[in-house]
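As structure tokens, the structure follows; a few thoughts come after it.
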Amino acid sequence: LLHTRLAETLSLSLSVRFSHSLSDFARLSISHELRSAVSLDMDIDVDHYGVLGLLSGEEGAKLSVDEIKKAYRSKALELHPDKRPGDKQALANFQRLQSSYEILKDEKARKLFDDLLRVKREQQHRRSEQESKRDAKRQKMFSDLEERERAAFAPDPSTKEREEEERIAKKLREEIARIRAMHASKGENMTSATSREFPGVRKESTGTARPGVDKEKVLKVSWEKIGEDYTAEGLRELFSKFGEVEDVVIKSAKKKGSALVVMENKDAAVAATGSVSGHLSNPLLVLPLQPPMVTEAPSASRSAEPDKLSNLVGAGYIAFEDAVLMKLQKAAEKRK
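So for the sequence shown, the numbering used here puts the first residue at 2; every next one is plus one.
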């Protein structure tokens, strides 16, 4: 609607203005066809304030007629074809300047042109807002997509905990197997090694052992210096759950600790051998100082007895391993 009204006004205004300025066009040797070459569409689309070197938009609408006239005269001196003999576009530029000036000095045409600029500014503002909203929406969609992808590829916490538990359990089983193999290789030298570490306790056959000490109720305890260390009081407290502890003798080294624990009787020593495991961070290896002595038995039972005695030490390892794994399983269930 504004385009139509502005075109009608321009048609009327230009016909009147050009009729009063024919002398100027004659002075410039501009033919009569030049007036008919003026395009109304161009006049509507062109920023006429900008053609005169003026600010456009709201600032242009506030300009007075005198300010527009002053700007036109200054620009006409600059773009006059006589001042630009080598410029092929000089005549067209001067024509556009004249057309813009005719529109801006006509009150009705200028009002319509200002309204047209205002509508264009509002349209541009709405387009900018819509584009901003679309950009924000696209950005949110991308962010949501990235978040879903991260969530889809993120490791499951329960799976991670289970893998960590399995890793620790596997490492513990390997460590137990290593200790078992190390002590199994010593075999029969265990008793002699113990005698060297603890000279206060010797074989009964030497006749120099402390009176009243039964080797079958003495336990040899060892641990690695990789976690919480053990004291005599701590060992006494651990083993007292299976019976009275008569004595605890500790010998510490830089990389390995060991001790002799004297229980009140053989049954307490056997019970402690299969049950005491110590701290999870630093498990104990509990072995009998001397396997129980056996009496003569029929040939049928004697054939099975050596296997039982040979597995006595291994039973302590197996019970220890089962106890540690049971504690790990209980800890995992509590976490779940």
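Every residue, glycine too, gets a C-beta built ideally from N, C-alpha and C.
field: Cβ-based neighbour list, residue 296, same chain, cut-off 8 Å, excluding 5 preceding and 5 following
entry: Confidence is the limiting factor: at residue 296 the pLDDT is only 48, short of 50, which leaves the residue's position unreliable, though a coordinate-based value still follows. Nothing listed; no residue qualifies.
message: On the CB-based measure, 16 or more other CB atoms within 10 Å of its CB, does residue 240 come out buried or exposed?
response: buried
- prompt: Going by C-alpha distance, which of 154, 71 and 129 is nearest residue 98?
  reply: 71
task: Just the C-alpha distance for residue 242 and residue 153, rounded to the nearest angstrom, thanks.
output: 50 Å
field: Residue nearest to residue 55 in terms of C-alpha spacing, selected from 69, 151 and 174
entry: 69
query: Secondary structure at residue 184, three-state DSSP: helix, strand or coil?
result: helix
task: List the whole-angstrom C-beta distance separating residue 51 from residue 118, where the pair is believed to meet the contact cut-off of C-beta under 8 Å.
output: No, residue 51 and residue 118 are not in contact; Cβ-Cβ is about 11 Å, not under 8 Å.
task: Report the residue from 185, 100, 288 and 135 whose alpha carbon sits nearest the alpha carbon of residue 339.
output: Within the shown structure, residues of the chain are numbered from 2 to 337, placing residue 339 beyond reach of any answer.
query: Among the residues of its own chain, which have a CB less than 7 Å from the CB of residue 101, if the five just before and after it don't count?
result: 47, 49, 52 and 53
Span of the alpha helix (DSSP H), counted from its first residue to its last, around residue 79: 66-80
field: Other residues of its chain near residue 31: CB distance less than 7 Å, five sequence neighbours each side excluded
entry: Because the pLDDT of residue 31 is 33, which lies under 50, any placement of that residue in the model is unreliable, and the question is left without a value.
message: Could you pull the DSSP bridge partners for residue 286 from this structure?
response: 223
Residues sharing a beta bridge with residue 280, DSSP: 283
- prompt: When we look at the beta-carbon of residue 227 and count the other beta-carbons within 10 Å, is it buried (16 or more) or exposed?
  reply: exposed
7 Å CB neighbourhood of residue 280 in its chain, flanking five on each side removed: 228 and 229
task: Tell me whether residue 47 sits in a helix, a strand or coil according to DSSP, three-state version.
output: coil
query: Looking at the structure shown, is residue 157 part of a helix, part of a strand, or coil, going by DSSP?
result: coil
message: I'd like to know whether the C-beta atoms of residue 264 and residue 246 end up nearer to each other than 8 Å.
response: yes
message: As an exercise, report each continuous beta strand (DSSP E) stretch of at least 3 residues that is fully enclosed by the stretch 232-268, in chain order.
response: 246-253 and 257-264
message: Using the three-state DSSP reduction, which class does residue 144 fall into: helix, strand or coil?
response: helix
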